[in-house]
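Colleague:
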Amino acid sequence: MHKTIIAAVLTSVLIPGYAVALEDIHTGTVIVGSGVSGLTTAILLKEHKQNVLVLEKMPFMGGTTNLAAQYFVSVGTKDQVANGKELSVPDYIQRTAKTGRNSEMLPRTAQRMFDSQKSIDWLNSLGAGLTRPVSDYQMGISDGSSLGVRLMKVLSARAKELSIPVKMNSKVLDLIIRDGKAVGVVVENGKEKYKVFADNIVLATGGFNQNQKLISKYAPQWKGLPTTTAVSSTGDGLILTEKYGVNIKNAGEVGLNPSIHSQGGKNISMSAARLEGGIMVNLKGDRFCNDYWPDYTKMAKAMLEQPEGKSFVIIDGKSMKASKRLQSFLKSGYFVEAQTIPELAQKIGIPPENLEKTIKRYAEFVRNGKDLDFGRSINMKTDFSTPPYYASAILPGTQVSVGGVDVNDFMQCVKADGKVIPNLYAVGELTYDSGTPHGVWSGRRAAEHILSK
Ligand SMILES: Cc1cc2nc3c(=O)[nH]c(=O)nc-3n(C[C@H](O)[C@H](O)[C@H](O)COP(=O)(O)OP(=O)(O)OC[C@H]3O[C@@H](n4cnc5c(N)ncnc54)[C@H](O)[C@@H]3O)c2cc1C
Numbered sequence: 005m006h007k008t009i010i011a012a013v014l015t016s017v018l019i020p021g022y023a024v025a026l027e028d029i030h031t032g033t034v035i036v037g038s039g040v041s042g043l044t045t046a047i048l049l050k051e052h053k054q055n056v057l058v059l060e061k062m063p064f065m066g067g068t069t070n071l072a073a074q075y076f077v078s079v080g081t082k083d084q085v086a087n088g089k090e091l092s093v094p095d096y097i098q099r100t101a102k103t104g105r106n107s108e109m110l111p112r113t114a115q116r117m118f119d120s121q122k123s124i125d126w127l128n129s130l131g132a133g134l135t136r137p138v139s140d141y142q143m144g145i146s147d148g149s150s151l152g153v154r155l156m157k158v159l160s161a162r163a164k165e166l167s168i169p170v171k172m173n174s175k176v177l178d179l180i181i182r183d184g185k186a187v188g189v190v191v192e193n194g195k196e197k198y199k200v201f202a203d204n205i206v207l208a209t210g211g212f213n214q215n216q217k218l219i220s221k222y223a224p225q226w227k228g229l230p231t232t233t234a235v236s237s238t239g240d241g242l243i244l245t246e247k248y249g250v251n252i253k254n255a256g257e258v259g260l261n262p263s264i265h266s267q268g269g270k271n272i273s274m275s276a277a278r279l280e281g282g283i284m285v286n287l288k289g290d291r292f293c294n295d296y297w298p299d300y301t302k303m304a305k306a307m308l309e310q311p312e313g314k315s316f317v318i319i320d321g322k323s324m325k326a327s328k329r330l331q332s333f334l335k336s337g338y339f340v341e342a343q344t345i346p347e348l349a350q351k352i353g354i355p356p357e358n359l360e361k362t363i364k365r366y367a368e369f370v371r372n373g374k375d376l377d378f379g380r381s382i383n384m385k386t387d388f389s390t391p392p393y394y395a396s397a398i399l400p401g402t403q404v405s406v407g408g409v410d411v412n413d414f415m416q417c418v419k420a421d422g423k424v425i426p427n428l429y430a431v432g433e434l435t436y437d438s439g440t441p442h443g444v445w446s447g448r449r450a451a452e453h454i455l456s457k
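In this text, residue positions in the sequence shown follow the numbering used here: the first is 5, and each later residue adds one.
(1) Can you give the beta carbon distance from G241 to V406, rounded, assuming they're within the 8 Å contact cut?
(2) By alpha-carbon positions, which one of M284, E347, R136 and K253 ends up nearest to E433?
(3) Jot down the residue ranges of each uninterrupted alpha helix (DSSP H) in the stretch 250-330, minimum 4 residues, whole runs only, in chain order.
(4) Assign F118 to buried or exposed, taking buried as 16 or more other Cβ atoms, counted over all protein chains shown, within 10 Å of its Cβ.
(5) N106: buried (16+ other C-beta within 10 angstroms of its C-beta) or exposed?
(6) Where does the unbroken beta strand (DSSP E) through Q142 begin, and where does it stop?
(7) Could you check whether the stretch 110-117 touches the stretch 428-443, counting it as contact only if at least three pairs of C-beta atoms, one from each stretch, sit closer than 8 Å?
(8) Applying the 10 Å Cβ sphere with the 16-neighbour rule, what's the burial state of R291?
(9) Going along the chain, which residues of its own chain have a beta-carbon closer than 6 Å to the beta-carbon of A395, five neighbours each way excluded?
(10) Can you list, in chain order, the residues of its chain whose CB lies under 8 Å from that of K463, leaving out five sequence neighbours each side?
(11) Kindly provide the ranges of any alpha helix (DSSP H) runs that are 4 or more residues long and lie completely inside the stretch 120-178, ordered along the chain.
(12) Excluding sequence positions up to five away, which residues of its chain have a Cβ less than 7 Å from the Cβ of K457?
(13) Could you name the residues of the same chain whose beta carbon sits closer than 6 Å to that of G408, not counting the 5 residues immediately before and after it, in chain order?
(14) Which residues mark the beginning and the end of the beta strand (DSSP E) in which N427 is found?
(15) On the DSSP bridge list, what partners appear for L399?
(16) Look at the alpha carbon of W445 and the alpha carbon of D183, and state the distance between them as a whole number of angstroms.
(17) Which of helix, strand or coil does DSSP assign to A25?
(18) Any heavy atom of ligand 1 within a distance shorter than 7 Å of the CB on T69?
(19) Going by DSSP in three states, D240 sits in which element: helix, strand or coil?
(20) Going by DSSP, what residue range makes up the beta strand (DSSP E) through I205?
(21) Looking only at its chain, what residues have a beta carbon closer than 8 Å to the beta carbon of T100, apart from the 5 residues adjacent to it on each side?
(22) Quick one: what's F76 bridged to in DSSP?
(23) Sort out for me which residues DSSP pairs S405 with in a bridge.
(24) In terms of residues, what are the limits of the beta strand (DSSP E) holding Y57?
(25) Between which residues of its own chain and L308 is the CB-CB distance below 8 Å, once the five residues before and five after are set aside?
(26) Whose C-alpha, out of N87, K322 and V79, is nearest the C-alpha of D95?
(27) Check whether the Cβ of D240 lies closer than 7 Å to any heavy atom of ligand 1, and answer yes or no.
(28) Between which two residues does the alpha helix (DSSP H) harbouring V235 extend?
(29) Pairing CB atoms from the stretch 270-286 with CB atoms from the stretch 319-328, are three or more of them under 8 Å?
(30) Could you check which residue in Y393, Y198, S237 and K314 has the C-alpha nearest to that of N213?
(31) Using C-beta distances below 6 Å, list every residue in its chain close to A450, excluding the 5 sequence neighbours before and after it, in chain order.
(32) Can you say whether H265 is buried or exposed, counting buried as having 16 or more other CB atoms within 10 angstroms of its CB?
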């Protein structure tokens with residue numbers, strides 16, 4: 005019976021349009037969501053011969069993970085150390101604390117950072133190529149290609165190799181809770197509904213920035229801002245768990261992106277331009293903040309205070325050459341290009357003499373290793389001596405949901421009274437943290453706990 009149903013599920017995925025009678029399914033662990041956190045959990049369980057089933061509401065895998073731009077936050081990895089970009093976990097935590105990060109989050113961040121090498125080794129064993137030390141706290145893909153695309157490529161290949169069933173267009177509508185324990189989920193597939201009963205339920209549904217109702221409820225200060233997140237980030241996991249008394253922790257902490265380029269109805273993250281050394285200027289051609297503050301909220305606020313709320317990120321030929329992602333943006337028409345700085349300024353409508361003055365001054369800071377105006381110390385990679393020059397108009401917007409479902413150290417969902425709902429787990433951006441390293445780390449924690457039962 006069990007095998008027949010799984011076969012029917014697989015067939016429905018592999019043969020589009022194939023109609024199956026949807027019966028209730030029984031499995032070991034059902035994982036809701038096929039981004040980095042969900043797939044990590046599924047792969048690690050399946051590698052230990054556990055029965056798993058992944059449910060994905062979209063017709064494709066990967067959610068926001070597909071969009072992760074450029075860097076995997078990690079410290080003390082062997083490639084960083086070998087390249088003189090060494091930072092200890094305590095120093096990283098101290099630096100993060102200074103950015104105004106909620107201190108409640110830091111102990112778990114420290115645990116994850118201690119596991120940096122472990123996460124990278126695992127991803128690289130699947131072929132991720134995370135060997136490029138970008139800074140003392142950032143690792144990138146060796147050839148400068150986009151992080152999320154590469155992670156999804158290797159994770160979905162491994163899931164396929166392990167024959168993990170991934171059922172697309174399958175939206176979880178509700179949890180099934182019996183005698184206080186999670187025993188399954190209710191699923192909608194087109195017009196059909198069915199139930200999946202499982203020993204463990206792992207919610208990996210991502211963030212909520214696409215849901216303006218939830219933004220208004222939890223983070224009203226950012227209501228109406230554009231968002232770079234995936235259309236699937238509608239906070240389903242928050243809605244599903246809150247209903248059963250799960251505590252929602254610091255959902256007002258929303259991660260902003262200080263460099264969104266909006267074009268043709270798309271919101272594209274230009275963080276890669278700053279990562280490769282780019283600076284930000286306002287309509288007067290002036291820098292107005294540390295262009296690489298790790299505190300994106302502070303940067304977003306500074307941007308909103310500029311004339312007409314407008315800014316540009318400026319890079320040179322060296323930065324463009326270093327990043328495949330930026331080259332693809334150039335091809336898509338997201339950059340204005342010019343052979344000289346005054347020509348670039350003219351093209352984007354800012355005073356040429358002022359932009360030239362700003363760039364000359366900043367280049368001096370790069371050469372001397374000290375930003376006397378705003379104290380930038382991270383990724384000061386270019387002195388703008390390599391033409392051509394590029395500019396892209398940018399805005400602030402929301403990117404990740406930092407706050408989320410409250411979990412204990414094993415990623416079990418915790419209620420307001422501190423008790424867990426047995427067999428119910430949450431991982432990834434749905435919980436109180438975000439980013440792909442958190443997806444890998446939390447997915448591993450949940451899998452390890454399930455395997456230990
Ligand atoms: C523009 C951008 C740039 C970023 N850059 C970086 C970066 O450089 N480095 C980095 O580490 N991180 C970056 N991030 C953050 C990172 O991408 C995310 O935090 C991470 O990928 C989230 O992974 P996840 O598995 O938790 O969620 P997701 O990848 O969003 O996966 C969740 C999945 O769950 C599915 N789902 C949701 N609800 C249901 C339901 N009810 N039923 C079934 N399925 C459901 C969704 O369709 C989706 O596929 C960036 C994010 C954005 C938006």
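We put the beta carbon where it would ideally sit given N, CA and C, even for glycine. These numbers were taken from a predicted model, which means no experiment stands behind them.
Modeller: On the basis of the supplied data:
(1) At roughly 14 Å, the Cβ-Cβ gap does not stay under 8 Å, so G241 and V406 are not in contact.
(2) With distances taken between Cα atoms, E433 lies closest to K253.
(3) Counting whole runs of 4 or more residues, the stretch 250-330 contains the alpha helix (DSSP H) stretches 275-279, 300-308 and 321-326.
(4) Burial call: exposed.
(5) N106 sits exposed, since fewer than 16 C-beta atoms from the chains shown fall within 10 Å of its C-beta.
(6) Per DSSP, Q142 belongs to the beta strand (DSSP E) from Q142 to G144.
(7) Touching, per the Cβ criterion.
(8) Buried, because 16 or more other Cβ atoms sit within 10 Å of the Cβ of R291.
(9) For A395, the CB contacts under 6 Å within the same chain, skipping 5 residues up- and downstream, are F316, I318, V340, L348 and I352 in chain order.
(10) Here the chain has residues from 5 to 457 only, and residue 463 is not among them.
(11) Here the runs fully enclosed are 120-129 and 151-165.
(12) So no residue of the chain qualifies.
(13) Around G408: L434, T435 and Y436.
(14) Residues V424 to A430.
(15) When DSSP reads this structure, L399 sits in a beta bridge with I264.
(16) Distance between the alpha carbons of W445 and D183: 30 Å.
(17) Residue confidence is low: A25 scores 46 on pLDDT, short of 50, so the model does not pin down where it sits. No coordinate-derived value is stated.
(18) Within the cutoff, so yes.
(19) When secondary structure is reduced to three states using DSSP, D240 falls in the helix class.
(20) That run of the beta strand (DSSP E) goes E196 to L207.
(21) Once the five neighbours on either side are set aside, the close Cβ partners of T100 are L110, T113 and P298.
(22) When DSSP reads this structure, F76 sits in a beta bridge with M143.
(23) Paired residues: V258.
(24) At residue 57 the sequence reads Leu, which differs from the Tyr that was named. It spans V56 to L59 - the beta strand (DSSP E) in which L57 sits, taken as one unbroken run.
(25) These residues qualify, in order along the chain: P400.
(26) Residue V79 holds the alpha-carbon nearest to the alpha-carbon of D95 among N87, K322 and V79.
(27) Yes, Cβ of D240 sits closer than 7 Å to a heavy atom of ligand 1.
(28) No alpha helix (DSSP H) holds V235; DSSP gives it neither H nor E.
(29) When C-beta atoms of the stretch 270-286 are compared with those of the stretch 319-328, three or more pairs fall below 8 Å, so the two segments count as touching.
(30) For N213, the nearest C-alpha among the options comes from S237.
(31) Excluding sequence positions up to five before and after A450, its CB lies within less than 6 Å of the CB of T45, V206, M415, Y429 and V431, all in the same chain and listed in chain order.
(32) The C-beta of H265 has 16 or more other C-beta atoms within 10 Å across all chains shown, which makes the residue buried.
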